[in-house]
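**Student:** Sharing a structure, written as structure tokens. Questions coming.
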Amino acid sequence: MPSDYAYVALFAAIGVAFIIATLVFSWFIRPSDPSPEKLSTYECAEEPVGPAHVQFRVGYYVFALIFVIFDVETVFIYPWAVLLRSFARNGMGMFAFVEMVVFLGILLVGLGYAWRKGVLRWE
Amino acid sequence: MTLTGIAEFIASFFGLPGSSSVWIVAVLAAAILLGFMLLTVLILIYVLRKLLGKIQARLGPTRTGPKGIFQTAADALKLLIKEDTIPVKADRRVFIVAPILVFVPAYLVYVVVPFGEGNHFIAKDLNIGLLYIVAVSSINVIGVVLAGWASENKYSLLGGMRSAAQLISYEVPQALAVLGPVMLAESLSMQDIVKAQGEGLFSWFIFRSLPLLGFIVFLVASMAEINHVPFDLPEGESELVAGFNVEYSGMRFAFFMLAEFAASFTICAIAATLFLGGWHSPIRGFLDNGWWTVFWFFLKSSALVCLLMWIRATYPRVRVDQLMEFGWKLMIPLALFNVLVVGLYVALGKGG
Numbered sequence: 441m442p443s444d445y446a447y448v449a450l451f452a453a454i455g456v457a458f459i460i461a462t463l464v465f466s467w468f469i470r471p472s473d474p475s476p477e478k479l480s481t482y483e484c485a486e487e488p489v490g491p492a493h494v495q496f497r498v499g500y501y502v503f504a505l506i507f508v509i510f511d512v513e514t515v516f517i518y519p520w521a522v523l524l525r526s527f528a529r530n531g532m533g534m535f536a537f538v539e540m541v542v543f544l545g546i547l548l549v550g551l552g553y554a555w556r557k558g559v560l561r562w563e
Numbered sequence: 317m318t319l320t321g322i323a324e325f326i327a328s329f330f331g332l333p334g335s336s337s338v339w340i341v342a343v344l345a346a347a348i349l350l351g352f353m354l355l356t357v358l359i360l361i362y363v364l365r366k367l368l369g370k371i372q373a374r375l376g377p378t379r380t381g382p383k384g385i386f387q388t389a390a391d392a393l394k395l396l397i398k399e400d401t402i403p404v405k406a407d408r409r410v411f412i413v414a415p416i417l418v419f420v421p422a423y424l425v426y427v428v429v430p431f432g433e434g435n436h437f438i439a440k441d442l443n444i445g446l447l448y449i450v451a452v453s454s455i456n457v458i459g460v461v462l463a464g465w466a467s468e469n470k471y472s473l474l475g476g477m478r479s480a481a482q483l484i485s486y487e488v489p490q491a492l493a494v495l496g497p498v499m500l501a502e503s504l505s506m507q508d509i510v511k512a513q514g515e516g517l518f519s520w521f522i523f524r525s526l527p528l529l530g531f532i533v534f535l536v537a538s539m540a541e542i543n544h545v546p547f548d549l550p551e552g553e554s555e556l557v558a559g560f561n562v563e564y565s566g567m568r569f570a571f572f573m574l575a576e577f578a579a580s581f582t583i584c585a586i587a588a589t590l591f592l593g594g595w596h597s598p599i600r601g602f603l604d605n606g607w608w609t610v611f612w613f614f615l616k617s618s619a620l621v622c623l624l625m626w627i628r629a630t631y632p633r634v635r636v637d638q639l640m641e642f643g644w645k646l647m648i649p650l651a652l653f654n655v656l657v658v659g660l661y662v663a664l665g666k667g668g
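One line per chain: the protein sequences are C and Z, in this order. Per this note's numbering, the first sequence runs over residues 441 to 563. Per this note's numbering, the second sequence runs over residues 317 to 668.
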């Protein structure tokens with residue numbers, strides 16, 4: 441029997457193959473008539489001014505940082521969530537629960553700090 | 317005739333060893349799911365247009381075929397024969413890879429969608445199914461950012477960045493909201509989660525422990541994840557001229573659209589699986605086996621799809637500041653509250 445994840449790899453391969461096959465098929469039947477205007481980038485019917493890799497607001501970066509913290513935290517909660525009921529069956533339910541309350545509490549303090557600092561505001 | 321039977325026939329027809337039939341089954345399943353995905357997208361777009369037409373007191377498509385049923389097929393054909401332009405200033409390699417990174421994850425989610433009872437109606441019941449869905453479906457953020465960056469266009473750069481900010485902000489509440497069913501079912505496998513809801517309507521996880529909250533948080537966060545109205549800012553036509561995909565044309569553009577509509581079906585399917593009893597019938601033991609389970613699954617998913625379309629027709633688009641504050645200041649605290657309440661319920665040994 442192949443591994444479970446061989447299926448995932450197979451699906452990924454078939455997905456990529458489908459895209460390539462469609463693009464190749466479409467390459468045979470579509471017209472190709474490039475012109476300088478067509479190949480320039482869109483900017484309100486004007487010649488694009490300057491490079492497009494412009495500076496953008498720092499807000500995106502702060503949200504990304506907070507996201508990483510919360511995403512890692514979520515991954516830590518998953519095994520706990522699966523095992524919580526078996527802990528409860530062995531009479532350790534409240535112990536496991538309080539542990540998670542402490543863990544989430546620390547993170548909530550962080551979220552509250554970011555909130556107070558006004559980082560979560562989008563201007 | 318089962319898929320295994322077909323695979324053994326193919327293996328013997330081509331004189332392949334018997335052990336290869338496992339792989340042929342897998343390839344057939346993958347091909348069926350790919351076809352299913354494309355078909356759902358065709359149907360979804362048609363139904364969406366007709367339903368939006370009805371809600372807005374107009375007709376929707378009527379010209380192509382009876383009642384316009386071939387409209388989406390015609391659109392797909394049009395996109396297929398459209399000229400494919402890549403701007404000269406664009407980063408060609410990244411530009412080409414980006415649609416793949418958006419489309420393939422949307423397709424990969426289908427590996428663990430349980431369409432019905434048993435092993436016949438699911439491609440592979442991974443034991444970490446739900447974690448797999450959360451992980452795979454977040455890959456498309458990378459594709460969106462790359463598409464926006466590689467286009468060498470200010471609108472698409474800003475659209476891509478805005479989209480990434482939205483996707484990551486709502487990924488946290490989405491990933492937290494699915495923990496309720498996980499705690500109640502003690503498993504991450506999609507089939508195990510469905511099996512834990514087999515006692516009729518009131519054993520569905522939407523009604524257990526803390527009713528409704530987890531379901532609503534999941535649905536709203538997922539709507540933001542797939543850029544569904546009212547969270548369709550990345551595509552804000554009036555402000556970003558379609559955002560990250562403005563430079564894409566023809567089939568490359570079609571892959572973004574395909575991924576988006578396919579995802580709007582999968583999140584409904586996942587919501588039905590996690591909260592509405594999946595393929596179980598609402599009455600315990602009533603028509604709850606074989607192909608009937610597929611019927612119940614599609615009934616629930618389609619109902620949710622229609623709910624999303626209704627929402628699309630009803631609400632205006634939110635502003636970007638409202639979007640971020642709604643995500644971080646309401647959705648995440650609500651999702652954490654849900655985790656704690658359901659956790660307390662399970663820790664006290666209830667509902668077991």
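Note that CB positions come from ideal geometry on N, CA and C, so glycine has one too.
Can you say whether C/Ser475 is buried or exposed, counting buried as having 16 or more other CB atoms within 10 angstroms of its CB?
**Tutor:** Position 35 of the first sequence, counting from 1, holds the residue named residue 475 of chain C. With fewer than 16 other Cβ atoms within 10 Å, it is exposed.
**Student:** Given this structure, state the Cα-to-Cα distance separating Z/Val338 from Z/Asp400, to the nearest angstrom.
**Tutor:** Counted from its first residue, the second sequence places residue 338 of chain Z at position 22. Counted from its first residue, the second sequence places residue 400 of chain Z at position 84. Whole-angstrom Cα-Cα distance: 39 angstroms.
**Student:** Quick one: list the residues of chain Z neighbouring C/Pro516, beta-carbon separation under 7 angstroms, in chain order.
**Tutor:** Working through the first sequence from its first residue, we reach residue 516 of chain C at position 76. A quick correction: the sequence has Phe, not Pro, at residue 516 of chain C. The premise fails here: C/Phe516 is roughly 11 angstroms from chain Z at the closest Cβ pair, so nothing lies under 7 angstroms.
**Student:** Any Cβ of chain C within less than 7 angstroms of the Cβ of Z/Lys616?
**Tutor:** Counted from its first residue, the second sequence places residue 616 of chain Z at position 300. Chain C, which has no Cβ nearer than 7 angstroms to the Cβ of Z/Lys616, makes this no.
**Student:** Kindly list the residues whose CB is nearer than 6 angstroms to the CB of Z/Arg365, restricted to its own chain and excluding five residues on each side of it in sequence; keep chain order.
**Tutor:** Along the second sequence, one-based indexing puts residue 365 of chain Z at 49. Same-chain partners within the cutoff: Gly376, Pro377.
**Student:** Give me the subset of the stretch 422-434 of chain Z whose CB atoms are less than 8 angstroms from a CB atom of chain C, sorted by chain position.
**Tutor:** The stretch 422-434 of chain Z vs chain C, Cβ under 8 angstroms: Tyr423, Leu424, Tyr426, Val427.
**Student:** Which residues in chain Z sit within 8 angstroms of C/Gly558, going by Cβ to Cβ distance?
**Tutor:** Numbered from 1 along the first sequence, position 118 holds the residue referred to as residue 558 of chain C. Simply none; closest approach about 11 angstroms.
**Student:** Measure the C-alpha to C-alpha separation of Z/Ala392 and Z/Ala570 and round it to an integer number of angstroms.
**Tutor:** For the purposes of this step, residue 392 of chain Z is identified with residue 76 of the second sequence, where counting begins at 1. For the purposes of this step, residue 570 of chain Z is identified with residue 254 of the second sequence, where counting begins at 1. For Z/Ala392 and Z/Ala570, the distance between alpha carbons rounds to 8 angstroms.
**Student:** Which residue comes first and which comes last in the alpha helix (DSSP H) that contains Z/Pro415?
**Tutor:** The residue labelled residue 415 of chain Z in the question sits at position 99 within the second sequence. First-last of the alpha helix (DSSP H) with Z/Pro415: 408-424.
**Student:** Would you mind telling me which residues of chain C sit closer than 9 angstroms to Z/Asp508, beta carbon to beta carbon, in chain order?
**Tutor:** Stepping through the second sequence from its first residue, residue 508 of chain Z is reached at position 192. Near Z/Asp508 there are no residues of chain C at all, since even the closest Cβ is about 10 angstroms away, more than 9 angstroms.
**Student:** Taking only beta carbons into account, state which residues of the stretch 564-585 of chain Z come closer than 9 angstroms to chain C, listed in chain order.
**Tutor:** Answer set for the stretch 564-585 of chain Z: Gly566, Met567, Arg568, Ala570, Phe571.
**Student:** For C/Phe537, go through chain Z and note every residue whose CB falls closer than 7 angstroms to its CB, in chain order.
**Tutor:** As a working note, residue 537 of chain C is residue 97 in the first sequence. Correct list: Gly659, Leu660, Ala663.
**Student:** Assuming Z/Trp520 and Z/Leu620 form a contact by the criterion Cβ under 8 angstroms, report the distance between their Cβ atoms to the nearest whole angstrom.
**Tutor:** As a working note, residue 520 of chain Z is residue 204 in the second sequence. As a working note, residue 620 of chain Z is residue 304 in the second sequence. Actually they are not in contact, since the Cβ atoms of Z/Trp520 and Z/Leu620 sit about 13 angstroms apart, beyond 8 angstroms.
**Student:** Return helix, strand or coil for Z/Arg379, following the three-state DSSP convention.
**Tutor:** Along the second sequence, read from residue 1 onward, the residue named residue 379 of chain Z stands at position 63. Looking at Z/Arg379 - three-state DSSP - the assignment turns out to be coil, as it is neither helix nor strand.
**Student:** In three-state DSSP terms, what is Z/Ser336?
**Tutor:** The residue you call residue 336 of chain Z lines up with position 20 of the second sequence. Correct three-state label for Z/Ser336: helix.
**Student:** Check Z/Tyr448 in the structure and name its three-state DSSP category.
**Tutor:** Translated into the one-based positions of the second sequence, residue 448 of chain Z becomes position 132. Z/Tyr448 falls in the helix class under three-state DSSP.
**Student:** Could you check which residue in Z/Val404, Z/Ala588, Z/Ile361 has the C-alpha nearest to that of Z/Lys511?
**Tutor:** In the second sequence, residue 511 of chain Z corresponds to position 195, counting from 1. With distances taken between Cα atoms, Z/Lys511 lies closest to Z/Ala588.
**Student:** Rounded to a whole number of angstroms, what is the C-alpha to C-alpha distance between C/His493 and Z/Pro403?
**Tutor:** Here residue 493 of chain C refers to the residue found at position 53 of the first sequence. Here residue 403 of chain Z refers to the residue found at position 87 of the second sequence. Cα-Cα distance, rounded: 15 angstroms.
**Student:** Consult DSSP for Z/Lys398 and reduce its assignment to one of helix, strand or coil.
**Tutor:** Position 82 of the second sequence, counted from the start, is the residue given in the question as residue 398 of chain Z. Coil.
**Student:** Along the chain, where does the alpha helix (DSSP H) that runs through Z/Phe591 open and close?
**Tutor:** Here the question's residue 591 of chain Z lines up with position 275 in the second sequence. Looking at the DSSP string, the run of the alpha helix (DSSP H) that includes Z/Phe591 is 566-591.
**Student:** Is the CB of C/Tyr553 under 7 angstroms away from at least one CB in chain Z?
**Tutor:** In the first sequence, counting from the first residue as 1, residue 553 of chain C sits at position 113. With 7 angstroms as the cut-off, C/Tyr553 does not count as an interface residue toward chain Z.
**Student:** Restricting to Cα atoms, I'd like to know which of Z/Phe547, Z/Tyr486, Z/Val413, Z/Leu504 is closest to Z/Val460.
**Tutor:** In the second sequence, counting from the first residue as 1, residue 460 of chain Z sits at position 144. With distances taken between Cα atoms, Z/Val460 lies closest to Z/Val413.
**Student:** So, does the stretch 645-653 of chain Z touch the stretch 476-490 of chain Z, judging by three or more C-beta pairs under 8 angstroms?
**Tutor:** Because the criterion of three Cβ pairs below 8 angstroms is met, the stretch 645-653 of chain Z and the stretch 476-490 of chain Z touch.
**Student:** Below 7 angstroms between beta carbons: does that hold for Z/Met573 and C/Thr462?
**Tutor:** As a working note, residue 573 of chain Z is residue 257 in the second sequence. As a working note, residue 462 of chain C is residue 22 in the first sequence. No, Cβ-Cβ distance for Z/Met573 and C/Thr462 is not below 7 angstroms.
**Student:** What residue does the alpha helix (DSSP H) around Z/Tyr661 start on, and which one ends it?
**Tutor:** Counting from 1 along the second sequence, the entry for residue 661 of chain Z is found at position 345. From DSSP, the alpha helix (DSSP H) with Z/Tyr661 extends over 648-663.
**Student:** Under 7 angstroms between the Cβ atoms of C/Ala521 and Z/Leu349?
**Tutor:** Start at 1 with the first residue of the first sequence, and residue 521 of chain C comes out as number 81. Start at 1 with the first residue of the second sequence, and residue 349 of chain Z comes out as number 33. The answer is no: Cβ separation not under 7 angstroms.
**Student:** Within 10 Å of its beta-carbon, does C/Val508 have 16 or more other beta-carbons around it, so buried, or fewer, so exposed?
**Tutor:** By one-based count along the first sequence, residue 508 of chain C stands at place 68. Under this definition C/Val508 is an exposed residue.
**Student:** Compare the C-beta of Z/Trp608 with all C-beta atoms of chain C and state if any pair is closer than 7 angstroms.
**Tutor:** Position 292 of the second sequence, counted from the start, is the residue given in the question as residue 608 of chain Z. Answer no: the Cβ-Cβ gap between Z/Trp608 and chain C never drops below 7 angstroms.
**Student:** Please confirm if the stretch 439-453 of chain Z is in contact with the stretch 595-609 of chain Z, defined as three or more CB-CB distances below 8 angstroms between the two stretches.
**Tutor:** No, because fewer than three Cβ pairs between the stretch 439-453 of chain Z and the stretch 595-609 of chain Z fall closer than 8 angstroms, the two stretches do not touch.
**Student:** If contact means a Cβ-Cβ distance below 9 angstroms, which residues of the stretch 468-479 of chain Z contact chain C?
**Tutor:** Within the stretch 468-479 of chain Z, the residues whose Cβ lies closer than 9 angstroms to some Cβ of chain C are Glu468, Asn469, Lys470, Tyr471, Ser472, Leu473, Leu474, Met477, Arg478, listed in chain order.
**Student:** Within this structure, are the beta carbons of Z/Met353 and Z/Ala578 separated by less than 7 angstroms?
**Tutor:** Numbered from its first residue, the second sequence carries residue 353 of chain Z at position 37. Numbered from its first residue, the second sequence carries residue 578 of chain Z at position 262. Cβ distance < 7 angstroms, so Z/Met353 and Z/Ala578 count as in contact.
**Student:** Return the chain-ordered list of same chain residues with a C-beta closer than 6 angstroms to the C-beta of Z/Ser454, the five sequence neighbours on each side being excluded.
**Tutor:** Locating residue 454 of chain Z in the second sequence gives position 138, where the first residue counts as 1. Glu487, listed in sequence order.
**Student:** Quick one, which residues of the stretch 455-467 of chain C are near chain Z if we go by CB-CB under 9 angstroms, in chain order?
**Tutor:** Cβ contacts with chain Z: Gly455, Val456, Phe458, Ile459, Ile460, Thr462, Leu463, Phe465, Ser466, Trp467.
**Student:** Quick one: which chain C residues come within Cβ less than 9 angstroms of Z/Ser503?
**Tutor:** Counting from one through the second sequence, the residue named residue 503 of chain Z turns up at place 187. The contacting residues are Val522.
**Student:** Between Z/Gln669 and Z/Asp441, how many whole angstroms is the CB-CB distance? I'm expecting something under 8 angstroms.
**Tutor:** A question about residue 669 of chain Z goes unanswered here, because the residues of chain Z that appear run from 317 up to 668.
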